[in-house]
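Visitor: The structure follows.
Protein chains: 2
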Amino acid sequence: MKTKIRELRKQRKLSQEELAEAVGTTRQTITSIEVGKYTASLPLAYKIARYFGLTIEEVFDFSDLEDGLWNNSNRN
Amino acid sequence: MKTKIRELRKQRKLSQEELAEAVGTTRQTITSIEVGKYTASLPLAYKIARYFGLTIEEVFDFSDLEDGLWNNSNRN
DNA sequence: ATTTTTTGCAAAGCATGCTTGACATTTTTT
DNA sequence: AAAAAATGTCAAGCATGCTTTGCAAAAAAT
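Heads up: the protein sequence lines correspond to chains U and V, in order.
For the first sequence, the numbering used here assigns the number 1 to the initial residue and increments by one for each residue that follows.
For the second sequence, the numbering used here assigns the number 101 to the initial residue and increments by one for each residue that follows.
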């Protein structure tokens with residue numbers, strides 16, 4: 001999952017540590033998410049987005065999962 | 101975590117099973133999320149929201165985690 | 001150039017999300 | 001009323017998210 005976290009963080013000149021504290025998590029968690037090691041949970045994604053004054057969709061890039069969802073083969 | 105999933109699902113007269121298939125998960129997962137047994141992952145939350153043509157923030161209610169985030173004590 | 005801060009990474013362990021299968025109860029259909 | 005479909009739940013097990021400690025390398029500050 002791609003994110004704009006690093007970009008937003010640098011714009012505001014925050015360290016990973018500062019962001020982590022602000023959203024109630026650890027530095028390693030922020031690193032892992034920025035680096036794509038794993039995907040944030042919904043609550044954490046929300047806190048991060050909200051911290052930057054943005055929506056989840058504005059911070060996280062979901063283009064990797066938009067497949068096969070909209071081919072209409074599952075509609076009634 | 102509260103959600104509007106059941107509400108949206110019933111509006112469109114879908115069963116849990118149908119929604120589950122549409123978003124690539126199982127009936128039990130939908131039940132558990134609707135009933136509040138646990139919180140959806142970010143990817144699943146996205147797929148569900150997108151299925152209904154809404155944003156994550158429109159489907160999931162985060163009012164339970166907006167605490168202590170905006171008291172300015174963590175700003176530079 | 002040396003020191004300090006920031007970042008990447010790894011392993012162990014715990015917490016949470018999800019699947020599968022199965023059964024009981026409720027709701028809808030006939 | 002009887003049959004069928006939909007929902008809630010439980011347990012076991014696997015997958016993923018997160019924390020903690022600790023170390024190494026890169027970047028920023030002095």
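Cβ coordinates follow ideal geometry from the N, Cα and C atoms, glycine included.
Enumerate in chain order the residues of its own chain whose CB-to-CB distance from residue 51 of chain U is below 8 Å, with the five nearest sequence positions on each side excluded.
Guide: Same-chain partners within the cutoff: 19, 22 and 23.
Visitor: For a contact meaning CB atoms closer than 7 Å, what does residue 146 of chain V contact in chain U?
Guide: The answer, in chain order, is 62 and 65.
Visitor: Would residue 140 of chain V count as contacting chain U if we go by Cβ distances under 8 Å?
Guide: Closer than 8 Å: yes.
Visitor: Would you report the Cα separation of residue 17 of chain U and residue 142 of chain V, rounded to the nearest angstrom?
Guide: Residue 17 of chain U and residue 142 of chain V: Cα-Cα distance of roughly 23 Å.
Visitor: With a threshold of 7 Å on Cβ separation, who are the neighbours of residue 31 of chain U within its own chain once the five nearest residues in sequence on each side are excluded?
Guide: 16.
Visitor: Against residue 57 of chain U, what residues of chain V qualify as contacts under a CB-to-CB distance less than 9 Å, listed in chain order?
Guide: Correct list: 146, 149, 155, 156 and 157.
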